[in-house]
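Take a look at the structure below.
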Amino acid sequence: MADIKMDYNLLNDAKKDLKDLAENLIPSMDDDVFMNLGEGGASDELGSSEMSSAVSTLHGNASGTMGKAKKGLNALSDSFGSVGEAFLQFDAEIAQGMQSTNSNLALSNYYREKADWDHLQENPDDCLEENWVLDHAPSFCSAEDPGDAPPLDQSIVTDRGNVNTHLTVDDEGNVTKEETTVTYDGKTYTSVTSYSDGGNTMVTDSTYPDGSTVHNDTKIDADGGSHSVSTSTDADGNKDVTDSTVKGDGSGTQTVTDSDGVVREYTRGPDDWRGTSQEWKETPESIEENGPDDSEGGDDDNNGDVTNPDDYPAWTGSKL
């Protein structure tokens with residue numbers, strides 16, 4: 329299968345250029361002089377009624393043609409833009425996840441370095457050669473002061489946008505909130521995750537450049553299973569709700585309610601020997617009641633397979 333490489337920089341630039349072109353087509357048609365001549369009543373200025381009629385016909389034809397061109401360019405611009413924004417939103421999620429991981433890693437490293445530094449200050453004699461337990465100095469002897477302020481803010485800056493993450497920690501140094509903002513070409517994606525119950529309860533709210541939102545509430549069970557409710561709301565206010573319960577072995581049940589009130593039910597078996605999650609499969613009863621799921625990523629061939637990535641809960645935070 330051939331690889332597909334999509335540069336949404338070009339798509340977004342094309343959208344802007346086409347919009348600009350469409351807007352620049354019409355001003356000449358709206359010029360006061362041209363419009364006055366085009367009304368067909370300027371025979372005195374043009375010298376004859378025949379000339380006035382000809383100009384009027386030219387104005388009418390040109391206005392119609394340019395109007396269609398503007399409409400077509402705007403439609404083409406929207407097509408380029410919708411594809412570019414879809415890729416942008418997907419990449420924004422990846423960027424947010426990576427930046428969140430980097431931020432948590434940086435914070436974890438800080439706490440380790442701070443612990444080594446504090447231990448060195450309290451036990452300097454442990455680093456004297458005569459006090460070595462082994463044939464070399466303990467690792468904390470090379471510790472350097474990381475400072476008193478933990479790194480709660482991380483940023484990546486590019487020529488067309490940036491990714492910023494801010495962490496909030498409690499008195500024990502555990503992350504209680506992650507806030508990430510991804511901006512690119514004037515478009516913004518935000519994600520805020522709050523942690524409670526020792527990091528076992530996570531609530532994430534994400535807002536996409538097109539105005540759509542996702543609210544995810546997840547509870548991690550003691551056996552490694554979880555219960556998650558995710559509500560996706562598009563820019564028009566339509567809501568889809570996915571309610572998933574997963575056991576410790578990876579098996580689970582899932583109910584998806586779309587904006588039309590159609591409810592579909594899915595199940596999946598335990599993880600395989602490699603620990604890989606199985607695909608969600610729509611139950612026969614759900615297929616019989618609702619018909620095959622022909623939505624994107626759904627059960628197109630009526631075999632019960634559901635591969636919609638939105639059906640899987642995604643968590644980007646970590647408990648330190």
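If you're matching positions, the sequence shown starts at 329 in the numbering used here and goes up one per residue. Quick reminder that beta carbons are idealized off the backbone N, C-alpha and C, glycines included.
In its chain, beyond the 5 residues on either side, no residue has a beta carbon closer than 7 Å to the beta carbon of ASP588. Residue burial is scored here from C-beta neighbours: TRP601 has fewer than 16 other C-beta atoms within 10 angstroms and is therefore classed as exposed. For the 9 Å CB-CB criterion, THR509 and THR493 form a contact. Residue VAL574 holds the alpha-carbon nearest to the alpha-carbon of THR595 among GLY603, VAL574, THR604 and THR585.
The beta carbon of TRP445 sits closer than 6 Å to those of ALA471 and ASP473, all from its chain and outside the five residues before and after it, given in chain order. Per DSSP, reduced to three states, the secondary structure at ASN544 is strand.
Under the 10 Å beta carbon count, ASP525 is surrounded by fewer than 16 other beta carbons and is classified as exposed. Apart from sequence neighbours up to five positions away, the residues of its chain that approach VAL491 with a beta-carbon distance below 6 Å are ALA423, GLN427, ILE484 and VAL510, ordered along the chain. When the Cα atoms are used, SER572 and ASP533 turn out to be separated by approximately 17 Å.
Contact between VAL590 and ASN618 is confirmed by a C-beta separation of about 6 Å, below the 8 Å threshold.
Under the DSSP assignment, SER614 falls in the alpha helix (DSSP H) whose first and last residues are 612-618. Here SER467 is exposed, its C-beta having fewer than 16 other C-beta atoms within 10 Å. Contact between the segment 555-565 and the segment 537-544 is established, with three or more Cβ pairs separated by less than 8 Å. Taking C-alpha positions only, SER560 is separated from ASP499 by approximately 34 Å. Under the 10 Å beta carbon count, GLU506 is surrounded by 16 or more other beta carbons and is classified as buried. Assigned with DSSP and collapsed to three states, ASP463 falls in coil, not helix or strand. Remark: C-beta atoms of ASP568 and THR585 approach each other more closely than 9 Å. In the three-state scheme derived from DSSP, where H, G and I count as helix and E and B as strand, TYR594 is classed as strand.
For GLN582, the three-state secondary structure derived from DSSP is strand. Going by beta carbons, ALA420 and GLN482 fall outside the 9 Å limit. If the five residues before and after VAL531 are omitted, its C-beta is found closer than 6 Å to the C-beta atoms of SER522 and ASP545, all from its own chain and listed in chain order.
Setting aside the 5 residues that flank it on each side, GLY578 is surrounded in the same chain by PRO598, ASP599 and SER605, each with a C-beta closer than 6 Å to its C-beta; the list follows chain order. With contacts defined by Cβ atoms closer than 9 Å, LEU480 and LEU456 do not form a contacting pair. Around the CB of TRP608, 16 or more other CB atoms lie within 10 Å, so the residue is classed as buried. Listed in chain order, the non-local C-beta contacts of HIS447 below 7 Å within the same chain comprise PHE468, local neighbours out to five positions each way being set aside.
The beta carbon of VAL497 lies closer than 6 Å to those of VAL503 in the same chain, with the five residues before and after it left out. Counting of Cβ neighbours within 10 angstroms places GLY552 among the exposed residues, the total staying below 16. Counting along the chain, SER483 sits inside the beta strand (DSSP E) bounded by residues 481-485.
Here THR535 really is in contact with THR518; their C-beta atoms are around 5 Å apart, less than 8 Å. When secondary structure is reduced to three states using DSSP, THR516 falls in the strand class. Sequence-distant Cβ neighbours of THR581 in its own chain, meaning closer than 6 Å and more than five residues away, are THR573 and THR595.
Annotated three-state conformation of ASP568 is strand, per DSSP.
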